[in-house]
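Before any comments, here is the structure.
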Amino acid sequence: MIRSLEGRKKSCGKEQKLRLPQLTIKNYCTVDDIEDGKYCKPVAKNFETIDSIYIGKDYDFTFQMTVERTHDIKQYGYELLHGKLGDESADHTIRHYFVVPKDTYKNFQKQPFIVKKEERDQSKNVVNVKQWITKRIEQYVLLLDVGIKSTD
């Protein structure tokens, strides 16, 4: 089950099913290795912002797994992916899915974008989120019911 975290969307709060075609898994070392139409996972366990990505025809999906009740989104990771997501010329939606356990799903809320950890001279919460990010990225929460609980 999924639900939108975007308050401006009619579907906000309404649960839906996420339907994906059968996908081939591809592990990638660099952003250039990401292929359209495949479920791509970074080889590096600490890739900025996402744990996997699917670039489709109508939507791009990014997935961030967490057991926490909050999980900031690092803007820098999307900057790294910008070219793969269509650059400035693209206008299709990017759906950012937080994949969470059952006890976190119901109350999970829209998350803020933050700057990269190394940029400590800037404030943590990004006031000036890049325009293409605010225009194209929609946040969703996706229930992964596997019998685990959050750490809170």
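Here the sequence shown stands for residues 0 to 151, numbered as in numbering that gives the first Met the number 0. For each residue, glycine too, the CB sits at the ideal point set by N, CA and C.
When you compare the CB positions of residue i and residue j, do they come within less than 7 Å of one another, or not?
| i | j | result |
| --- | --- | --- |
| Lys73 | Thr103 | no |
| Ile93 | Asp59 | yes |
| Val145 | Phe97 | no |
| Glu34 | Lys44 | no |
| Tyr38 | Leu17 | no |
How is the beta strand (DSSP E) around residue i delimited, first residue to last?
| i | result |
| --- | --- |
| Arg18 | Note, Arg18: premise wrong, no beta strand (DSSP E); not H, not E. |
| Arg2 | Ile1 to Ser3 |
For the alpha helix (DSSP H) containing residue i, list its first residue and its last residue.
| i | result |
| --- | --- |
| Ile132 | Gln130 to Arg135 |
Starting from residue i, follow its DSSP beta bridges and name the residues at the other end.
| i | result |
| --- | --- |
| Asp31 | Bridge partners of Asp31: none, in fact. |
| Lys155 | The chain is shown only over 0 to 151; residue 155 falls outside these bounds and no answer can be derived. |
| Asp144 | Answer is none; Asp144 lacks a bridge partner. |
| Phe60 | Tyr53 and Arg94 |
Determine the burial state of residue i: buried for a count of at least 16 other Cβ atoms within 10 Å of its Cβ, exposed for fewer.
| i | result |
| --- | --- |
| Pro41 | buried |
| Ser122 | Legend: pLDDT at Ser122 = 49, less than 50; position of this residue unreliable, value from coordinates given subsequently. Flag for Ser122 reads exposed. |
| Ile1 | buried |
| Val99 | buried |
Ignoring anything shorter than 4 residues, give me the alpha helix (DSSP H) runs that lie fully in the segment 71-114, in order along the chain. Taking 4 residues as the shortest admissible run, the segment 71-114 contains the following complete alpha helix (DSSP H) segments, listed from N- to C-terminal end: 74-80 and 101-104.
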